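The block underneath contains the structure these notes are about, expressed in structure tokens.
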Amino acid sequence: MSNYDAIVIGAGHNGLTNAAYLAKSGLKVLVLEKNDYIGGAAVSRELHDGWVYSNCSYVCSLLRPEIYRDLNLQKHGLQVIAYGGSVTFMEDGNIFGGYSDHDLQRREIGRFSKKDADAYVRFGRDVSKQCRFIKPLLLRTPPDPTSFKPKDLEELIYLFKRLYGIGEKTIYETIRFYTMSAAEYLEEYFESDIVKAALSGSGIIGTALGPYSPGTAYVLLHHYMGEVDGSIGSWGFARGGMGSVSKALAGALQEYDGEIITEAEVTQIQVKNGKATGVVLANGDEYYAKNVVSNLDARRTYQDLFDPLDLNEKLLKQVDNYKFNGSSGKLNIALDGLPEFPAMGKDNPLIYADMHFIDSLDRIERAYDDWKNGRWSQDPYCDTLIPTMTDPTMAPPGKHYMSVFVQYAPPKLATGEWTDEDREAFGKTVIDQIGNYSPNFKDLIVHAEIRTPQDIENEVGLTEGNIFQGELTMDQMFFNRPFPGYAQFRGPVKGFYMCGSSTHPGGGVMAAPGANAAREILYDLKRKNIVPEAENDD
Amino acid sequence: MTRKNKNIAIIGGGHNSLVSSAYLAKAGFNVELFESRSEIGGMASTKELIDGYKVPGAAHLLHQTDTKIHKTLKLDQHGLTFVASGLKTISINPDGNALIFDDDKVSGDDITMNEQKQYKEFRETMKKLSGFFKKSYQIPPPRLGSGDRKDMTRLMSLGWNLRSMGKNSMRHMLKYIAVNIHDVLNEFFDHEHIKGSIALDALLGNRLGPRTNNSVITFLHQLTGDLNGVQGSYAIPEGGMSSYSQALKNAAESAGVKIHINSPVKQIDLDEKNKVRGLILESGEKVNADIVVSGIDPKSTFMCLVGPKNLEAHYVHKISNIRMRGNTSKLHLALSGLPKFKGVDSEDLGHRIINAPNMKYLELAHDFTKYGEYSDQLPMEIIIPSIHDKSLAPNGHHVLSAVINNTAYDLKDGWDQSNAVVLENCLNQLEVMAPGIRKLVVHAELLSPKDIENEYGITGGQWHHGELTFDQFLMLRPIPGMAQHKSPIDSLYLCGAGSHPGGGLMGLAGRNAANEIISRES
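Going down the list, the sequences are from chains H and G.
In terms of our numbering, the first sequence opens at residue 1 and continues consecutively.
In terms of our numbering, the second sequence opens at residue 1001 and continues consecutively.
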């Protein structure tokens, strides 16, 4: 079998990004994918005749514009259509609209509280400040704070200067922002429950924390990050479904002569004399490479692919303690027509936006309580979108595709593993909630794919179905991601790297971890860095 | 002006105020202290429950005291002695299988050798981490980004303390600091009862569940104290908790502090330039002072005594956003005899008994709190001080004092309606833990956070004068920019638990404030 400079295990969007950069640098690169399709959780799949589902991830969340441009993803067929806004259906029949236009949003908030409308100006300013602070860090390697190596010290000094550069007041605000709960943070600005509930939603997506859990405030960034990135469309629909992201990345990879083999499940990473030398597939095939990169999550990588004898005991323990806390489910629904939402009225443009059906912090928190008790939320937080409103290519003419992301669903139920009946009942809970606000919705359903965290794990390989490849809490962020001492994309053996969302800066279809890992690999190979830095928009 | 001519007025007679006053008087200032109640000590007091039965007013154990303060103020010579120290913790569960924690050792409830080893390892790890806290508690935290040399020195010393912990501990610190005790305990243990028992220490007095991030901070915080060199050791002063305050009072008075009881302060008197001029008492009397030091909570200090109109708007905003939602009640029982707790040997009854069978139990109790409700299964910390100190109850009789967590200050139904129900729930719970105890009850009272607020004047009845969370910790305590004990009002300082490093009968806030004043005002 032939020799490669690098083998990337898993053709998720980060694996593809990583491979594309390595290939672009001139290395001979091979990507191995277990499924018969590429993309991992960024896929478009026709699971019902005529309908294309983005059946895992459903929007480009913060896809780094630098990478989008640098790898020419547009040329490779990726078209990101910006979308904005949200709508929250309230129990009393009212609705609350979320608009990306600042003035529209203020006017909408003013319907509920004049004071909050004013506070929204402060809120927007403060959160945007945090966005600008964090953005450049997404495409940098975290320093090891315990190290005395010049590279680490330099990065620590960079961070220190950056922090000090924002001024005393903002430093304190930043610390608070990263440690408070979404509820506490919002309560400092707003009085109206619906405003708080609508804004807090982004703080809980994909994480097993409720809005009252400290450490959820910073995720409010997502709400603003897209805006800060400008009109590049880092926050939007990929035309043709999320598979288009993977397809474009694969296109970039192939342009630089990288190879992809599907239906090639890696079962072992081979290590000789403390150095990675290649991989073994399920069918017994072996591939050799000087460098092996894993796009899989930290647990899968270390527990399934390594011989434990090649790893130290401390690392194995860290792997064991790595938290997933899978908390999300997904419904993909084929609809015979556009459902009506009477509360919204006909032709309301909010039908293009994210729809939510939960209108208070207490309700969202109770949804989380269910997760803690080993149940799916009886009154769930559903991030509901009809992508076909924006991208009609995903369903036959006149028909629609609805994507429902559901928070919270536990990886395991109190009663044990998920059964088929559980899955059906879970789906019913979600469909009933939407049905409460849309009388014709249920009759329009042609097909529904219901995915529990367990299903996501089985198919995509995300442990516990955690969409971020591991909880994004402070103990697993930045220089702690995935574990202290291994946050710089390097593994415990020479020539082995990690490039998935288990590494900095974590999950979301950002492509940042893949690019970051490529930078470190090129550094070790003493090659010129070709991975772009974040653009500065200070 | 030299120190000798400077007059300092201190508001409040709690332990931090007393410590502060003693240090300031020793440094040569003229110090007067004004306490609104008829006795000093605040929450560290002893009160008569009913005729012949005495109970701790609020705090009922000493375990976070600072040895240095203890020695500098010569508290031993000023009358502080202990009737019990090095108390064990006995964690009971419904099956009657008790766990016994004695310093770094654990036994009982089918504990294996391996679990004993794990516990030792856990304690050692955590003590190292809390050692960092302890060091950083000795000085006011730095201002960040101020450009001041002193702040930079302090920041570097914090950084150095972190680095000098060693690579392993530093990594532990940076990993655990902002998360929750639930996840940390799951890394160390499988035994549910051990985990519940340890988690309770992170939650008592706070408004957290085991899964709530910030509960590692509170855990490490309560572990910082030491008593005669033993870290995290529990003790009961002879004569009850008021003896601790009494010793502090003696120390203060011998240093020259003038203490006025029954002297509630109405207002901090400011001149036209917003500089402190003195105090105005409720009685109308004016007290002239060059410096005012407030030992009461920051909300009361600024919103009531200074008044929002004398503050810049952003301070008013930040101060009103300080979270101080009390969550802890006190249960006091007068008993006609000694109760029997299931699974607890009678010779062990004098130790600290806790009810925290597992983390889920604690989490469920917290879930009620979140919505302004209460569970009928509440976590408790129980002591029977009369076993050690016969003066507290008539012969053969006893008093029981329990800290009851997860009783929110802001109950939906209000405390007027709920007090009797919660009390009844607690007694029922106790009856299950100690069958027959209800028959022994001569008198029972539940002090809710609301009662504590009314009695001791602490906003929200919050024991630490402000919840101890990451965003109200170190340089952010009580609010950003005020963590160095100095307030935006000229010559007004804070010395209470609301400022760094927080509550727990440590006296460090008081001492650090005094040192800060001495260096600034000399």
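The C-beta atom is built at its ideal place from N, Cα and C for all residues, glycine as well.
The structure presented is a predicted model; accordingly, all values stated were derived computationally and were not measured.
Inter-residue spacing [alpha-carbon to alpha-carbon] between residue i and residue j
{"i": "Gly1096(G)", "j": "Gly1343(G)", "result": "4 Å"}
{"i": "Ser1245(G)", "j": "Ala1025(G)", "result": "17 Å"}
{"i": "Asp1201(G)", "j": "Gln1222(G)", "result": "7 Å"}
{"i": "Arg1154(G)", "j": "Glu187(H)", "result": "32 Å"}
{"i": "Leu1158(G)", "j": "Ser1136(G)", "result": "6 Å"}
{"i": "Glu1282(G)", "j": "Ser1233(G)", "result": "41 Å"}
{"i": "Leu385(H)", "j": "Tyr352(H)", "result": "7 Å"}
{"i": "Phe1188(G)", "j": "Phe324(H)", "result": "17 Å"}
{"i": "Pro1480(G)", "j": "Asp1183(G)", "result": "29 Å"}
{"i": "Ala82(H)", "j": "Met242(H)", "result": "14 Å"}
{"i": "Lys272(H)", "j": "Lys314(H)", "result": "20 Å"}
{"i": "Asp370(H)", "j": "Pro150(H)", "result": "48 Å"}
{"i": "Leu1087(G)", "j": "Tyr486(H)", "result": "42 Å"}
{"i": "His1015(G)", "j": "Ser377(H)", "result": "47 Å"}
{"i": "Val280(H)", "j": "Leu311(H)", "result": "18 Å"}
Nearest neighbour of residue i, chosen from the options [CA to CA]
{"i": "Leu462(H)", "options": "Leu47(H), Val8(H), Leu32(H), Cys56(H)", "result": "Cys56(H)"}
{"i": "Ser61(H)", "options": "Ile467(H), Gly485(H), Leu186(H)", "result": "Ile467(H)"}
{"i": "Ser1386(G)", "options": "Thr1046(G), Val1031(G), Leu1362(G)", "result": "Thr1046(G)"}
{"i": "Ile1268(G)", "options": "Ala1247(G), Ser1130(G), Leu1311(G), Lys1128(G)", "result": "Leu1311(G)"}
{"i": "Ala1509(G)", "options": "Ser1169(G), Met1113(G), Arg1477(G), Pro1488(G)", "result": "Arg1477(G)"}
{"i": "Ser1491(G)", "options": "Ser1375(G), Lys1249(G), His1314(G), Val1293(G)", "result": "Val1293(G)"}
{"i": "His1500(G)", "options": "Val1276(G), Phe1473(G), Lys1486(G), Ser1522(G)", "result": "Phe1473(G)"}
{"i": "Asp1451(G)", "options": "His1260(G), Leu1220(G), Leu1331(G), Met1156(G)", "result": "Leu1331(G)"}
{"i": "Asn1262(G)", "options": "Ile1291(G), Phe1034(G), Asn1228(G)", "result": "Phe1034(G)"}
{"i": "Ser44(H)", "options": "Tyr37(H), Asp36(H), Asp304(H), Tyr53(H)", "result": "Tyr53(H)"}
{"i": "Thr1089(G)", "options": "Ser1164(G), Ala1235(G), His1078(G)", "result": "Ala1235(G)"}
{"i": "Ile1139(G)", "options": "Glu1521(G), Arg1520(G), Ser1522(G), Ala1513(G)", "result": "Ala1513(G)"}
Cβ neighbours of residue i in the same chain (closer than 8 Å, five flanking residues each side left out)
{"i": "Asp116(H)", "result": "Ile109, Gly110, Tyr189, Phe190, Glu191, Ser192, Val195"}
{"i": "Pro214(H)", "result": "Thr179, Met180, Ser181, Glu184"}
{"i": "Gln254(H)", "result": "Ile260"}
Local Cβ density within 10 Å of residue i, reported as buried at 16 or more and exposed below that
{"i": "Lys428(H)", "result": "exposed"}
{"i": "Asp1413(G)", "result": "exposed"}
{"i": "Asp1066(G)", "result": "buried"}
{"i": "Trp1160(G)", "result": "exposed"}
{"i": "Asn1206(G)", "result": "buried"}
{"i": "Glu421(H)", "result": "exposed"}
{"i": "Asn3(H)", "result": "exposed"}
{"i": "His1443(G)", "result": "exposed"}
{"i": "Asn18(H)", "result": "buried"}
{"i": "Ala1009(G)", "result": "buried"}
{"i": "Leu104(H)", "result": "exposed"}
{"i": "Asn458(H)", "result": "exposed"}
Sequence-distant residues of the same chain with beta carbon closer than 6 Å to residue i, five excluded per side
{"i": "Asn1288(G)", "result": "Gly1278"}
{"i": "Trp51(H)", "result": "Ala334, Ala395, Tyr401"}
{"i": "Ser231(H)", "result": "With a pLDDT of 48 at Ser231(H), under the threshold of 50, the predicted position of this residue should be treated as unreliable, and no value is reported."}
{"i": "Phe1368(G)", "result": "Tyr1374, Ser1375"}
7 Å Cβ shell around residue i - same chain, five flanking residues per side excluded
{"i": "Ile1299(G)", "result": "Inspection of the sequence shows that residue 1299(G) is occupied by Lys rather than by Ile. For Lys1299(G), where only same-chain residues beyond five positions count, the Cβ hits under 7 Å are Ile1319, Ile1322, Met1324, Thr1459."}
{"i": "Thr301(H)", "result": "Ser294, Met498"}
{"i": "Asp36(H)", "result": "Thr262, Glu263"}
{"i": "Ser202(H)", "result": "Val219, Leu220, His222, His223"}
Where residue i falls: helix, strand or coil (DSSP)
{"i": "Ser328(H)", "result": "strand"}
{"i": "Arg375(H)", "result": "coil"}
{"i": "Asp1076(G)", "result": "coil"}
{"i": "Phe96(H)", "result": "strand"}
{"i": "Asp1269(G)", "result": "strand"}
{"i": "Asn3(H)", "result": "strand"}
{"i": "Asp961(G)", "result": "Because chain G in this structure spans residues 1001 to 1522, residue 961(G) falls outside the shown range and cannot be described."}
{"i": "Tyr1244(G)", "result": "helix"}
{"i": "Phe1302(G)", "result": "helix"}
{"i": "Pro1056(G)", "result": "strand"}
{"i": "Thr88(H)", "result": "strand"}
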